[in-house]
Amino acid sequence: MDRHPDETTIFLHVPKAGGTTLQTIIERHFRPRETFFAGTLVQDAVRRLRRTDREIRAGIRLAAGHIPYGLHDDLPGRHSYFTVLREPVDRVVSFFYFVRQNGDHYLHDFSSTAGMGLAQFMDSGASVMLDNAQTRLISGVWDQVPYGELSPDALELAKRRLRDRFDVVGLSERFDETLLMLGRRYGWKHLYYRSQNVTAKRPKVAALDADDRRAVAEHNRLDEQLYQYAQELFERQLRQEGPGFERRLRRFRARNRRIGGMYSSGWRVLLKARRVFGRERRLGQAHGEKAASP
0 MDRHPDETTI FLHVPKAGGT TLQTIIERHF RPRETFFAGT LVQDAVRRLR RTDREIRAGI
60 RLAAGHIPYG LHDDLPGRHS YFTVLREPVD RVVSFFYFVR QNGDHYLHDF SSTAGMGLAQ
120 FMDSGASVML DNAQTRLISG VWDQVPYGEL SPDALELAKR RLRDRFDVVG LSERFDETLL
180 MLGRRYGWKH LYYRSQNVTA KRPKVAALDA DDRRAVAEHN RLDEQLYQYA QELFERQLRQ
240 EGPGFERRLR RFRARNRRIG GMYSSGWRVL LKARRVFGRE RRLGQAHGEK AASP
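For the sequence shown, numbering that gives the first Met the number 0 gives the first residue as 0, with consecutive numbering after it.
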């Protein structure tokens, strides 16, 4: 199923769920004038979008960012949502250490100057990104509810949204499978990649001390339930891909190991990669092999 030419694809980008890598992949398939990226100041960006002429907004074909559900109300015409979720404790740990290592992050000074550990950072209420952020984003509630006060009603709303309004529900832990499902739904072909914006020098979840683990889990109980539900939806989507999916996945991974870096280095190198594959196809056909599509 290819994307309709007049459809706006909305990528609800959960922070630290593989979205930066994914965004570099999907933006290859759109012209710059067709895209809207919210950036770090999400509310300001959305307000500017609302003030933009309707004709310009109608021409947007890709909208992406840490934006809560509901952006389609500001974009005329048909639309399609997709997102990628991540195991909540692992996501928050990655977020915390990314903040500590990134001097440009808006929370860096707050966490560093106070000398906070993870448990103290969680209990500080510094950002709703730490408090059931995936449920907040997907339900559309976002920052309308104070830190620590999100109710189970928001969880049920988020589940309904995932089930009824999202064409693809991906998992960061199943990134390649998610990519192939996105490629089929939207007709995207250039899916090869190298991971970007990966948080380095962070502990594994299993290595967290008890206080840190408790603090993260306490503030992400709704996200844990939402993630479990997303896993069910993901498995349902996989079954719809058919019996040949595992073969496609193995072929994609083998090729990505060889040319993913080329795709991430710019379009000139990408064209070289395409020529390499074209030559391999021709050689395969010359030797009586069936050429496999990427």
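All C-beta atoms, glycine included, are put in the ideal place defined by N, C-alpha and C.
No experiment lies behind these values; they were computed from the predicted model shown.
Relative to the C-alpha of residue i, which residue among the options is closest?
i	options	result
Met-115	Val-127, Arg-99, Ser-126	Arg-99
Glu-234	Gly-243, Arg-173, Ala-205, Tyr-192	Arg-173
Arg-85	Glu-54, Pro-202, His-12	His-12
Leu-21	Tyr-68, Leu-190, Leu-225	Leu-190
Ile-55	Gly-76, Thr-39, Gly-69	Gly-76
Leu-161	Met-180, Leu-70, Gln-239, Leu-225	Leu-225
Tyr-80	Val-144, Glu-148, Leu-48, Thr-8	Thr-8
Gln-143	Pro-67, Gln-239, Glu-217	Pro-67
Tyr-146	Thr-177, Glu-217, Met-180, Leu-70	Glu-217
Pro-14	Gly-243, Thr-82, Leu-181	Thr-82
Arg-49	Glu-223, Arg-164, Leu-70	Leu-70
Val-215	Leu-40, Asp-5, Val-91	Val-91
Ser-126	Pro-87, Phe-94, Arg-32	Phe-94
Pro-4	Arg-184, Arg-164, Arg-246	Arg-184
His-28	Ala-253, Gly-182, Asp-122, Val-88	Gly-182
Arg-32	Val-168, Arg-220, Ala-57, Glu-245	Ala-57
Asp-122	Glu-240, Gly-243, Asn-219	Asn-219
His-294	Asp-52, Phe-10, Leu-129	For the chain, the structure presents residues 0 to 293; residue 294 sits outside this window and is missing.
Leu-117	Asp-208, Arg-53, Glu-240	Asp-208
Lys-188	Leu-156, Phe-251, Leu-136, Asp-130	Phe-251
Gln-227	Glu-155, Asp-72, Phe-120, Gly-241	Glu-155
By the 10 Å Cβ neighbour count, where 16 or more other Cβ atoms means buried, how is residue i classified, buried or exposed?
i	result
Lys-158	buried
Ser-171	buried
Pro-202	exposed
Arg-46	exposed
Gly-18	buried
Gln-42	exposed
Glu-231	exposed
Glu-176	buried
Ala-132	buried
Pro-87	buried
Asp-52	exposed
Ala-206	exposed
Asp-72	exposed
DSSP three-state call for residue i: helix, strand or coil?
i	result
Leu-21	helix
Thr-34	strand
Ser-138	helix
Ser-93	helix
Ile-258	helix
Gly-76	coil
Phe-165	strand
Arg-267	Only weak support exists for where Arg-267 lies, its pLDDT of 45 falling under 50; the coordinates are left without a value.
Val-88	helix
Val-204	helix
Thr-112	For Thr-112, the predicted structure reports a pLDDT of 47, less than 50, and the residue's modelled location is therefore unreliable. The matter cannot be settled from this model.
Gly-182	helix
Ala-290	Residue placement at Ala-290 is flagged as unreliable, the pLDDT there being 39, under the threshold of 50; the coordinate-derived value follows with that caveat. Coil, per DSSP.
Ala-62	strand
Val-144	coil
Leu-11	strand
Gln-284	Confidence in Gln-284 is poor, its pLDDT being 46 and thus under 50, which makes the residue's placement too unreliable to answer from.
Phe-174	helix
Phe-81	strand
Arg-193	coil
Ala-16	coil
Ser-123	helix
Who are the Cβ neighbours of residue i in its own chain at under 8 Å, not counting the five residues just before and after it?
i	result
Thr-34	Glu-26, Ile-59, Arg-60, Leu-61, Ala-62, Ala-63
Arg-150	A small fix is needed here, since residue 150 is Ser in this sequence, not Arg. Answer for Ser-150: Val-144, listed in chain order.
Gln-195	Thr-19, Thr-20, Thr-23, Ser-263
Leu-248	Asp-175, Glu-176, Leu-179
If you measure from the beta carbon of residue i to each beta carbon in chain C, is any gap under 9 Å?
i	result
Arg-201	The structure shown contains no chain C, having only a single protein chain.
Any heavy atom of the ligand NAP closer than 8 Å to the beta-carbon of residue i?
i	result
Asp-72	Absence of the ligand NAP from the depicted structure is noted, as is the absence of any ligand whatsoever, leaving it without description.
Keeping to the same chain, check which residues put their C-beta closer than 6 Å to that of residue i; ignore five residues upstream and five downstream.
i	result
Ala-153	Thr-134, Ser-138, Val-140
Ala-44	Ala-37, Gly-38
Val-167	Phe-81, Met-180, Leu-181, Arg-184
Tyr-96	Thr-198, Arg-201
Asp-210	Ala-118
Excluding sequence positions up to five away, which residues of its chain have a Cβ less than 7 Å from the Cβ of residue i?
i	result
Ala-229	Leu-84, Leu-161, Val-168, Leu-170
Which full runs of the alpha helix (DSSP H) of 4+ residues lie inside the segment 206 to 258, going along the chain? 209 to 217, 220 to 239
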